[in-house]
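Worksheet: the structure to be examined is printed underneath.
2 protein chains.
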Amino acid sequence: MVEIIETVREMQEKADALRKSGVSIGFVPTMGALHEGHLSLIRGARSECRSVVVSIFVNPAQFAPGEDYKQYPRDFEGDCSKAETAGADIIFHPSVEEMYPPEASTVVKVQELSEVMCGRSRTGHFCGVASVVAKLFNITKPHRAYFGEKDYQQLVIVRKMARDLDMDLTVVGMPTIREEDGLAMSSRNAYLNPEERRAAVVLFRSLKDAGERVARGEKDAEAVIQGAREMIESEPYTSIDYVVVVDPETLQGIKEIVCPARMALAVKVGKPRLIDNIALHPPS
Amino acid sequence: MVEIIETVREMQEKADALRKSGVSIGFVPTMGALHEGHLSLIRGARSECRSVVVSIFVNPAQFAPGEDYKQYPRDFEGDCSKAETAGADIIFHPSVEEMYPPEASTVVKVQELSEVMCGRSRTGHFCGVASVVAKLFNITKPHRAYFGEKDYQQLVIVRKMARDLDMDLTVVGMPTIREEDGLAMSSRNAYLNPEERRAAVVLFRSLKDAGERVARGEKDAEAVIQGAREMIESEPYTSIDYVVVVDPETLQGIKEIVCPARMALAVKVGKPRLIDNIALHPPS
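For the record, the sequence lines run as chains A and B.
If you read the first sequence in the working numbering, its first letter stands for residue 12, the second for the next number, and so on.
If you read the second sequence in the working numbering, its first letter stands for residue 12, the second for the next number, and so on.
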């Protein structure tokens, strides 16, 4: 039976006891609404660690005003059973008050990386992410923490934070899990109506096309971006936030694709804003 | 013999091994130039913890441009022998490059508390303090960390950071250690020439006088502050940065002293900028 822990104190004592007895802790932070993407993270942790902790916490600090904090899908019962089946030992499920007492005022900022890409349109988002992940790391004390590549900028930022603040753990990035037609799994896909859902396939299609062009020798990032933009714009309901080709670690834009790079995009499909990304490998 | 550790990795492995074997870790972060104030922190840690780690690191990130980072007194050999005599088991002594690789970009900010008092004149100081202390906590993994009340705002900020980020440790505040004439011990006292040194006594004298007035029933913070300012201004070489009466936790200014409060001041005596503070207890 999966164990559910709701307080910081209890979770820390549990983690401390596990570490003391030499048990490795794998940690998967989630906002619930678990899909196959999350479950692959949990399975990854299961295969590498003796104890697997999954947090389920919809973090208000990472939603900008006007974003979907209130509507964000919540299904705690369903999530518990999915997480348990995938291999979770402990579910950490704190209340907002437990995580954010009214007087809390400390934030963690990963500068530069947080200001590009999604950071431009989602004010404060990555500061909210970095701060809550720092807290969750201090609470669950993992040896290894698992994040999906789907949220690529988040993965890079968390890895940078862990390194910069000397957090003694390994941040593990796991491949994006996709629907059969290629759409990256996301809790926000539930917002799509059937027509938008069909149109949303263009995100991955445009990325895959870009990846193939680069593999065949296209070096001009601007041309690759332009090709993807045209594919996306030819679909109904789409509105591009950004399409970029960046250095995989610094997230700075690059012009000539001569080393492995990352292409990332954010596109509104109807109301929901979806993101996706792909590795670009120039021919060697 | 005290053990000297210079790398993050080695210190973390050592701390991990200690924790695993059930040893409590007491941590005293310093910038070296150890005086009786630091030694009292080390003795405090010695009396409460099985293993005592002292860090010696002059943190460039907490000096504003134009401050005394380069001139800050350094005496590693002398510090080691003093720390060992006071009870240190391990001295963590990293290089600047070890602590701040060139690409480091993550900061910890304790908002509000960092903007008042010394935060007004020392831009970025408390962000530098909070960030390096967060790193040092992640590196030395203490159960208890010791800070002097002399740097009162720093103590409050570190305690708040630890609570807000769910760091699983106790921040211990220790009383200010003073010279015979009352001057608070500080590595920066070494900058004072003999005449400034004599004048510097007025800092504590003015605080003590304020404490006595409040103990006798004076409730008006402005009157208490004005009295201290006049005493300080009557001494040569002094130039007041601030004199405040604040809530001991929020550091917000208060007008009527009806609960325990903190009086704090920063005064330049010649070139050196000195700080001190005292608890104010109204009659019960």
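Idealized CB from N, CA, C, for every residue including glycine.
Would the stretch 22 to 38 of chain B and the stretch 46 to 61 of chain B be scored as touching if the rule is three or more Cβ pairs under 8 Å? yes
Where are the alpha helix (DSSP H) runs, 4 residues long or more, that stay fully inside the stretch 127 to 199 of chain B, in chain order? 129 to 132, 136 to 151, 163 to 175
Kindly indicate which residue of Gln82(A), Arg54(A), Gly159(A) has the alpha-carbon position closest to the one of Asp100(A). As a first step, residue 100(A) is located in the first sequence; it is residue number 89 there, counting from the start. Comparing Cα-Cα distances from Asp100(A) to each of Gln82(A), Arg54(A), Gly159(A), the minimum goes to Arg54(A).
Nearest candidate by alpha-carbon position, reference Ala173(A), set Leu276(B), Glu14(B), Ala94(B), Lys146(B): As a working mapping, residue 173(A) is identified with position 162 in the first sequence. Answer by Cα proximity: Lys146(B).
So with Cβ pairs under 9 Å, would you call Ile150(A) a contact of chain B? By 1-based counting over the first sequence, the position of residue 150(A) is 139. Answer yes: the Cβ-Cβ gap between Ile150(A) and chain B drops below 9 Å somewhere.
Val121(B) lies in the beta strand (DSSP E); which residues open and close that run? The residue you call residue 121(B) lines up with position 110 of the second sequence. Note, Val121(B): beta strand (DSSP E), 117 to 121.
By Cβ distance below 6 Å, which residues in the same chain neighbour Arg199(A) in space, the five residues on each side in sequence not counted? In the first sequence, residue 199(A) corresponds to position 188, counting from 1. Pro283, listed in sequence order.
On the premise that Gly193(B) lies in contact with Glu160(B), defined as a C-beta separation below 8 Å, what is that separation, rounded to the nearest angstrom? For the purposes of this step, residue 160(B) is taken as the residue at position 149 of the second sequence. For the purposes of this step, residue 193(B) is taken as the residue at position 182 of the second sequence. Their Cβ separation, rounded to whole angstroms, is 15 Å, which puts Glu160(B) and Gly193(B) out of contact at 8 Å.
Pick from Glu95(A), Leu180(A), Ile289(A): whose alpha carbon is nearest that of Ala156(A)? To locate residue 156(A), count along the first sequence from 1; it is residue 145. The shortest Cα separation from Ala156(A) among Glu95(A), Leu180(A), Ile289(A) belongs to Leu180(A).
For a contact meaning CB atoms closer than 7 Å, what does Asp177(B) contact in chain A? Locating residue 177(B) in the second sequence gives position 166, where the first residue counts as 1. Within 7 Å Cβ-Cβ: Val19, Lys146, Asn149, Ile150.
In terms of residues, what are the limits of the beta strand (DSSP E) holding Gly37(B)? For the purposes of this step, residue 37(B) is taken as the residue at position 26 of the second sequence. Taken as a continuous stretch (DSSP letters only), the beta strand (DSSP E) holding Gly37(B) covers 36 to 41.
Alpha helix (DSSP H) runs wholly inside the stretch 31 to 111 of chain A, at least 4 long, in chain order: 47 to 59, 87 to 97, 107 to 110
By the three-class DSSP mapping on this structure, what secondary structure does Lys219(A) have? To locate residue 219(A), count along the first sequence from 1; it is residue 208. If DSSP states are grouped into helix, strand and coil, Lys219(A) belongs with the helices.
Within 8 Å of chain A by C-beta, residues of the stretch 117 to 133 of chain B in sequence order: Thr117, Val118, Val119, Lys120, Val121, Gln122, Glu123, Leu124
Based on DSSP bridge pairs, tell me the residues matched to Thr249(B). Taking the first residue of the second sequence as position 1, residue 249(B) is located at position 238. Partner(s): Val280(B).
To the nearest angstrom, report how far apart Thr187(A) and Glu109(B) are at their CA atoms. To locate residue 187(A), count along the first sequence from 1; it is residue 176. To locate residue 109(B), count along the second sequence from 1; it is residue 98. Their Cα atoms are separated by approximately 34 Å.
Any idea what DSSP makes of Met242(A), helix, strand or coil? On the first sequence, position 231 is the one that residue 242(A) refers to. In the structure shown, Met242(A) sits in a helix (DSSP, three-state: H, G or I).
Since Glu114(A) is in the beta strand (DSSP E), which residue starts that stretch and which ends it? Within the first sequence, residue 114(A) is the residue found at index 103, counting from 1. Element bounds for Glu114(A): n/a, residue is neither H nor E.
Would you check if there are 3 or more beta carbon pairs closer than 8 Å linking the stretch 124 to 132 of chain A to the stretch 85 to 92 of chain A? no
CA-CA distance, Gly238(B) and Arg20(B)? By one-based count along the second sequence, residue 238(B) stands at place 227. By one-based count along the second sequence, residue 20(B) stands at place 9. Their Cα atoms are separated by approximately 52 Å.
Does the distance from the CB of Val119(B) to the CB of Val118(A) come in under 9 Å? Mapped onto the second sequence, residue 119(B) falls at position 108. Mapped onto the first sequence, residue 118(A) falls at position 107. Contact: yes.
Tell me, please, which residues DSSP counts as bridged to Ala275(B). On the second sequence, residue 275(B) is found 264 positions in, with the first residue counted as 1. Its beta-bridge partners are Val255(B), Asn288(B).
Proximal residues to Glu95(A) (C-beta, below 6 Å), its chain only, five neighbours per side dropped: Within the first sequence, residue 95(A) is the residue found at index 84, counting from 1. Contacts found: Val13.
Segment contact, 8 Å Cβ cut-off, at least three pairs: the stretch 276 to 293 of chain A with the stretch 208 to 218 of chain A: yes
Classify Val144(B) as buried or exposed, calling it buried when 16 or more other Cβ atoms lie within 10 Å of its own Cβ. The sequence position of residue 144(B) within the second sequence is 133, counting from 1. Its Cβ being crowded by 16 or more others within 10 Å, Val144(B) is buried.
Identify each residue in the stretch 23 to 39 of chain A for which the Cβ-Cβ distance to at least one residue of chain B is less than 8 Å, and report them in chain order. Gln23, Asp27, Arg30, Lys31, Gly33
Under 9 Å, do Tyr163(A) and Arg273(A) count as touching if we go by C-beta distance? Here the question's residue 163(A) lines up with position 152 in the first sequence. Here the question's residue 273(A) lines up with position 262 in the first sequence. For Tyr163(A) and Arg273(A), yes; Cβs fall inside 9 Å.
Nearest to Thr151(B) by CA position, among Val269(B), Met22(B), Gln82(B), Glu233(B), is which residue? Walking along the second sequence from the start, residue 151(B) turns up at place 140. When only C-alpha atoms are compared, the closest one is Met22(B).
If we ignore side chains and look at the alpha-carbon of each, how far apart do Glu260(A) and Val39(B) end up? As a first step, residue 260(A) must be located in the first sequence, where it is residue number 249. As a first step, residue 39(B) must be located in the second sequence, where it is residue number 28. Answer to the nearest angstrom: the Cα atoms are 35 Å apart.
In terms of DSSP beta bridges, what is Ile15(B) paired with? Here residue 15(B) refers to the residue found at position 4 of the second sequence. In the DSSP output, where bridge partners are listed per residue, Ile15(B) has Ile102(B).
Element boundaries [alpha helix (DSSP H), containing Ala210(B)]: Within the second sequence, numbered from 1, the residue matching residue 210(B) stands at position 199. First-last of the alpha helix (DSSP H) with Ala210(B): 205 to 210.
Comparing C-alpha positions only, which one of Arg209(A), Arg227(A), Ser250(A), Cys129(A) sits nearest to Leu262(A)? As a first step, residue 262(A) is located in the first sequence; it is residue number 251 there, counting from the start. Taking only the C-alpha atoms, the option nearest Leu262(A) is Cys129(A).
Based on Cα-Cα distance, which residue from Gly37(B), His46(B), Leu29(B) lies nearest to Ser197(B)? On the second sequence, residue 197(B) is found 186 positions in, with the first residue counted as 1. Selected option, being the one with the closest Cα: His46(B).
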